[in-house]
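The numbering used here applies: residue -2 is where the sequence shown begins, and numbers increase by one. Every residue, glycine too, gets a C-beta built ideally from N, C-alpha and C. Here the structure is laid out as structure tokens; the discussion comes afterwards.
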Amino acid sequence: MKTAKHEEMRKEYKREDLGKGIRGKYLEEYKKGTNLVLLSPDVAAAFPDDASVNEALRSLLKIARQSTGLTKRSIGS
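Pasting the structure below:
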């Protein structure tokens, strides 16, 4: 990635207005990575926020855990 040279900074920005930066301020968060996922538009329309997505996924996990038990058919009877 090409770094911007000082003379390439937009005219409306002044270096002295940006304040003193803190080196590594977000390094730990960056190292952790992210767990963001993109939803298809139709799925996103059904779930307006992260709470509703999490609730739906937790419900699916609960159902999946409950349905993983052995059945007569699965043990060959």
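Enumerate in chain order the residues of its own chain whose CB-to-CB distance from residue i is below 6 Å, with the five nearest sequence positions on each side excluded.
{"i": "F44", "result": "V50"}
Is it the case that the CB of residue i approaches a heavy atom of the ligand PLP more closely than 7 Å?
{"i": "D39", "result": "The ligand PLP is absent from the structure shown, which contains no ligand whatsoever."}
Ordered along the chain, which non-local residues of its own chain (more than five positions away) have a Cβ less than 7 Å from that of residue i?
{"i": "K28", "result": "none"}
{"i": "E52", "result": "none"}
Nearest CA to the CA of residue i: which residue from the options?
{"i": "L35", "options": "K11, R20 and D47", "result": "D47"}
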